[in-house]
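Q: So the protein lines, in turn, are chains A and B. Sequential numbering of the first sequence, starting at 52, is according to this note's numbering. Sequential numbering of the second sequence, starting at 52, is according to this note's numbering. Positions of the beta carbon are idealized from the N, C-alpha and C atoms, including for glycine.
Number of protein chains: 2
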Amino acid sequence: MNNLEIPNALIIEQAHERIKNYIHRTPVLSSEILNDIFKTEIYFKCENFQKVGAFKSRGAVNAVMSLNENELEYGVCTHSSGNHAQALARAARLRNIKAYIVMPETAPKVKIAAVKQYGGEITFCKPTLAAREETIKSIIEKTNAIEIHPYNNVKIIAGQATAAKELIEDCKALDIIMAPVGGGGLLSGTALAVKYFSPYTKVIAGEPDNANDAYQSYYKKELMPSINPNTIADGLLTSLGSITFPIILNHVDQIVTASESAIIEAMKLVWERMKIIIEPSSAVPLATILENKFESRNKKIGIIISGGNVDLTKLPWL
Amino acid sequence: MNNLEIPNALIIEQAHERIKNYIHRTPVLSSEILNDIFKTEIYFKCENFQKVGAFKSRGAVNAVMSLNENELEYGVCTHSSGNHAQALARAARLRNIKAYIVMPETAPKVKIAAVKQYGGEITFCKPTLAAREETIKSIIEKTNAIEIHPYNNVKIIAGQATAAKELIEDCKALDIIMAPVGGGGLLSGTALAVKYFSPYTKVIAGEPDNANDAYQSYYKKELMPSINPNTIADGLLTSLGSITFPIILNHVDQIVTASESAIIEAMKLVWERMKIIIEPSSAVPLATILENKFESRNKKIGIIISGGNVDLTKLPWL
Numbered sequence: 052m053n054n055l056e057i058p059n060a061l062i063i064e065q066a067h068e069r070i071k072n073y074i075h076r077t078p079v080l081s082s083e084i085l086n087d088i089f090k091t092e093i094y095f096k097c098e099n100f101q102k103v104g105a106f107k108s109r110g111a112v113n114a115v116m117s118l119n120e121n122e123l124e125y126g127v128c129t130h131s132s133g134n135h136a137q138a139l140a141r142a143a144r145l146r147n148i149k150a151y152i153v154m155p156e157t158a159p160k161v162k163i164a165a166v167k168q169y170g171g172e173i174t175f176c177k178p179t180l181a182a183r184e185e186t187i188k189s190i191i192e193k194t195n196a197i198e199i200h201p202y203n204n205v206k207i208i209a210g211q212a213t214a215a216k217e218l219i220e221d222c223k224a225l226d227i228i229m230a231p232v233g234g235g236g237l238l239s240g241t242a243l244a245v246k247y248f249s250p251y252t253k254v255i256a257g258e259p260d261n262a263n264d265a266y267q268s269y270y271k272k273e274l275m276p277s278i279n280p281n282t283i284a285d286g287l288l289t290s291l292g293s294i295t296f297p298i299i300l301n302h303v304d305q306i307v308t309a310s311e312s313a314i315i316e317a318m319k320l321v322w323e324r325m326k327i328i329i330e331p332s333s334a335v336p337l338a339t340i341l342e343n344k345f346e347s348r349n350k351k352i353g354i355i356i357s358g359g360n361v362d363l364t365k366l367p368w369l
Numbered sequence: 052m053n054n055l056e057i058p059n060a061l062i063i064e065q066a067h068e069r070i071k072n073y074i075h076r077t078p079v080l081s082s083e084i085l086n087d088i089f090k091t092e093i094y095f096k097c098e099n100f101q102k103v104g105a106f107k108s109r110g111a112v113n114a115v116m117s118l119n120e121n122e123l124e125y126g127v128c129t130h131s132s133g134n135h136a137q138a139l140a141r142a143a144r145l146r147n148i149k150a151y152i153v154m155p156e157t158a159p160k161v162k163i164a165a166v167k168q169y170g171g172e173i174t175f176c177k178p179t180l181a182a183r184e185e186t187i188k189s190i191i192e193k194t195n196a197i198e199i200h201p202y203n204n205v206k207i208i209a210g211q212a213t214a215a216k217e218l219i220e221d222c223k224a225l226d227i228i229m230a231p232v233g234g235g236g237l238l239s240g241t242a243l244a245v246k247y248f249s250p251y252t253k254v255i256a257g258e259p260d261n262a263n264d265a266y267q268s269y270y271k272k273e274l275m276p277s278i279n280p281n282t283i284a285d286g287l288l289t290s291l292g293s294i295t296f297p298i299i300l301n302h303v304d305q306i307v308t309a310s311e312s313a314i315i316e317a318m319k320l321v322w323e324r325m326k327i328i329i330e331p332s333s334a335v336p337l338a339t340i341l342e343n344k345f346e347s348r349n350k351k352i353g354i355i356i357s358g359g360n361v362d363l364t365k366l367p368w369l
C-alpha cells in the first residue's frame, strides 16, 4: 500500500480481518434516560472498553501487523504521550518486536508506567515539537525503526475506520455518526467507513472550542495549525495532518465545537447515567448536542466513544 | 404465595417471566487484565447497568407486578434511603399506583431527587429505627398501602434471584458465584438460584469487616444484629432478616469479609481496568479475593455487581 493512497473499502475490510483477533469488538450501548434528555436516539460505540482503553489499538495493530519481515526487523517508533504510545507498545509486543516511544518528560507517570508495562522502550525529551522531532529522528538513525505516526498514516487511518464499520454493522440506518477530532485519524477513518458502508449517514465531528483547528481548517479549506490549544479533552490537542485533512475536507459533513463546561457536563452525564467511564475527549460529540450545535432531535445518532483513560484522582468536576 | 414460603425453581422462573419486559438483561463482562492480576477467571454480572442503576429493580418489579387488583388499589410503601426506594417508586409508576417512601431526613439530596423523579411520595423521619418504623406504621394506617420490605420479603428475594439465574444461563460451569451481603435479599436469591439452576456451583458471600453481622450470624447459626456498622459500602449497612437468614444459613457455602482499604482498592481496580462505574458495595466480593480470603486461583468465578450509584463528587480514594 502506497503511503499516500487513501484507504478504499477493500483496504478497510482487510484491515478489519487483520486486526480482529487482537482487538475487542466493543459493544454498542444506549440509555433511555439520555435519549429522554436529548430527545433523540443515541448509540454509543464503546471504544473505552477497547484494548489499552482506546480506539488507538485498532490503528496500531493494523500498522504493525501490516509490516513485512524486513520491516519488522528493526522495530517501530513513535512520539506520543497518550493512548497511541500504549497501543503501539502493545501491538509491537504481539509481534515480538521493539517499540521505541518518545515521550515528553512531563508525561503523567501513569502513562509512562502503562507503556513500560507493554514493554515499550521510552526515550524522554523536552516537551516541545522541535525536541520531539529531533529525538525521534535520532532514534530512527540509530535503530532503523519504522515510524508509526499517531494519525498521519494510512494504515492507522484504515485501522481506526474499523470502529465505525462495526458500529454500522451493529446499528442499521443511522442518520448521523459522530466522532471527536484531534489529529483526525479517528475522524478520517470514520468518514471513509461511512462513505463506503453507509453512504446515507452523515458524519459530524465534535471539537473543543478551545482547540478548534479542525473547525477552522475545514471551513477555511486550508490546513490551520492548532494555536495554544487549552482543553481538558487532552486527546484532542493535536492538529490535523497532511493526510487526514483532505479526507476530512472531502468526506465529513459538518464540524461543530463545544465549550469546556459542556464537555464536563456531558462527561458527567455519561458517567452518572450509563455507569461507564469515558475520557473528556469522548464527551465532546455529546457536548455539542447539549449545546444544540446542529439539528439532533428525533434522529438516530451513533457516537464513537474514543476511550476511557482518565486519572481517577483528577476529575474535572471536582 | 404465602409470605413465608421460600421461592422454589418455578417461582423464580415465573418471577423472571413477570419482570423481563421491565428490566434489562444486563451483560456479563470480563477483563483479561484483572484475570491476569487475580490468576483466575472472573465474570462480572453488571447490575450497575440495571434500571435505576442496581439489582433492586428486579425485586421491586416482581413484588409490584405480583399484586392483584385489590392489593394495588392503595399503593405500596417502604422505608429505604437507597436503591430500593428508587426501584419501588419506578415499579409503582409502571402500574400507575402510589409509592409512599419513608426516608431519613439525612438522606443524600441526590437520592431524594431520584425518588421524586420516579413519582415517589416521600415522608421524612428522624434517622432512627424507631422513627422509621413508627412513620411507616402511620402511613399504612392512613393509606392502607402494602409494605414492600427491601429484602425480608419472598417476592423481593425471588426477583433478586433472577440476576444469578441470568448469569448461570450466560456463563456455564461456574465454580463459584459471589454476591455482597447486606440485608441478604440478593444473597438469598442468589443462593436459591444456584441451588436450582447450577447445583455444583458454590456460593460465597462478601461482607465488609466493619459490618460483618451476616458473617457472625452465619458462623454462630444465630441471627446477630449489625452493631454500629461503619463502612463505605453503604448498601451493606443493614442486618439480615428473619426470612433471608435461614435461606443463607442453609444454602450459602461460605461468608468472607474484606477490609475497607481492600474494598476501595478493588473498586478502583474495576473503574480503572474495566472502565465501568461500580458502587463500593459491589467491590466487596473482589476485595475478598484481593485479600486471599478463600481459594480463588484457577477458578471460574461469577460476581454479581450489585449497582453503580455513586456520588461522583465523593470518591473514596480522594
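So with Cβ pairs under 8 Å, would you call F100 (chain A) a contact of chain B?
A: yes
Q: Name, going along the chain, the residues of the stretch 103–119 of chain B whose beta-carbon falls closer than 8 Å to a beta-carbon of chain A.
A: G104
Q: Taking the alpha carbon of Y270 (chain B) as the point to measure from, which residue in B:T252, B:N301, B:T241 has its own alpha carbon closest?
A: B:N301
Q: Look at A212 (chain B) and P58 (chain B) and say whether their C-beta atoms are less than 8 Å apart.
A: yes
Q: Give the secondary structure of M116 (chain B) by DSSP, where H, G and I count as helix, E and B as strand, and everything else as coil.
A: helix
Q: Taking C-alpha atoms, which residue in A:N261, A:F106, A:L145, A:K223 lies nearest to S117 (chain A)?
A: A:L145
Q: Is DSSP giving L80 (chain A) helix, strand or coil here?
A: strand
Q: Quick check on I327 (chain A) - is its C-beta less than 8 Å from some C-beta in chain B?
A: yes
Q: Let's see if you can read the secondary structure: which residues bound the alpha helix (DSSP H) around Y151 (chain A)?
A: Per DSSP, Y151 (chain A) belongs to no alpha helix (DSSP H); it is in the beta strand (DSSP E), 150–155.
Q: In this structure, does DSSP put M52 (chain A) in helix, strand or coil?
A: The pLDDT assigned to M52 (chain A) is 39, lower than 50, so where the model puts this residue is not dependable; a value taken from the coordinates is nonetheless given after this. In the structure shown, M52 (chain A) sits in coil (DSSP, three-state: anything other than H, G, I, E or B).
Q: Residues in the stretch 355–366 of chain A with C-beta within 9 Å of chain B's C-beta atoms, listed in sequence order?
A: In summary, the residues of the stretch 355–366 of chain A whose CB is separated from some CB of chain B by less than 9 Å are G358, G359, N360, V361, L363, T364, L366, in the order they occur in the chain.
Q: On the DSSP bridge list, what partners appear for P259 (chain B)?
A: B:A309
Q: Could you tell me whether any Cβ in chain B is nearer than 8 Å to the Cβ of K319 (chain A)?
A: yes
Q: What's the C-alpha gap between S277 (chain A) and N261 (chain A)?
A: 9 Å
Q: Do C128 (chain B) and I228 (chain B) come within 8 Å of each other at the CB atom, strictly closer than that value?
A: no
Q: Check the C-beta distance from I315 (chain A) over to W322 (chain A) and give it rounded, since I have them as a contact under 8 Å.
A: Not a contact, Cβ separation roughly 11 Å.
Q: Quick one: what does DSSP say G110 (chain A) is sitting in, helix, strand or coil?
A: Correct three-state label for G110 (chain A): helix.
Q: Going by CA-CA distance only, name the one from A:Q101, A:E56, A:V161 that's closest to K365 (chain A).
A: A:V161
Q: Assuming T32 (chain B) is part of the beta strand (DSSP E), what are its boundary residues?
A: This structure leaves residue 32 (chain B) out entirely; chain B is present only between 52 and 369.
Q: Going by alpha carbons, who is nearest to D264 (chain A) out of A:G233, A:I283, A:T252, A:L238?
A: A:G233
Q: Between M52 (chain B) and H200 (chain B), what straight-line distance do the alpha-carbon atoms span, to the nearest angstrom?
A: Low per-residue confidence applies at M52 (chain B): pLDDT is 39, beneath 50, and the placement is therefore not dependable, though the value from the model is reported in the following sentence. Straight-line Cα distance between these residues: approximately 16 Å.
Q: Spell out whether any CB of chain B is found under 8 Å from the CB atom of L369 (chain A).
A: yes
Q: Output the distance between the C-alpha atoms of D362 (chain A) and E217 (chain B), rounded to the nearest integer angstrom.
A: 34 Å
Q: Let me see if you follow: with CB-CB separation under 8 Å, is M52 (chain A) close to chain B or not?
A: Bear in mind that the predicted position of M52 (chain A) carries a pLDDT of just 39, short of 50, making it too unreliable to give a figure here.
Q: Express the C-alpha separation of H135 (chain A) and E98 (chain A) in angstroms, rounding to a whole number.
A: 13 Å
Q: Could you give the residue range of the beta strand (DSSP E) that holds P231 (chain A)?
A: 227–231
Q: Would you tell me roughly how many angstroms separate the C-alpha atoms of L288 (chain B) and E258 (chain B), rounded to the nearest one?
A: 10 Å
Q: Cα separation between F100 (chain A) and S132 (chain B)?
A: 32 Å
Q: What in chain A is Cβ-close to E217 (chain B), meaning under 8 Å?
A: Ordered by position in chain A, no residue passes the 8 Å Cβ test against E217 (chain B), which lies about 16 Å from the chain.
Q: Would you kindly work out how many angstroms separate the C-alpha atoms of E172 (chain B) and I148 (chain B), rounded to a whole number?
A: For E172 (chain B) and I148 (chain B), the distance between alpha carbons rounds to 11 Å.
Q: Report yes if the C-beta distance between S347 (chain B) and F89 (chain B) is below 8 Å; otherwise report no.
A: Yes, these two residues count as a Cβ contact at 8 Å.
Q: According to DSSP, what are the bridge partners of A105 (chain A)?
A: A:G358
Q: Please report how far the alpha carbon of H75 (chain B) lies from the alpha carbon of D87 (chain B), in whole angstroms.
A: 30 Å
Q: Counting only beta-carbon separations shorter than 8 Å, does E323 (chain A) have a partner in chain B?
A: yes
Q: Go ahead and pull the three-state DSSP assignment for E220 (chain A).
A: helix
Q: Determine the contact status of A114 (chain B) and I207 (chain B), defining contact as a CB-CB distance below 8 Å.
A: yes
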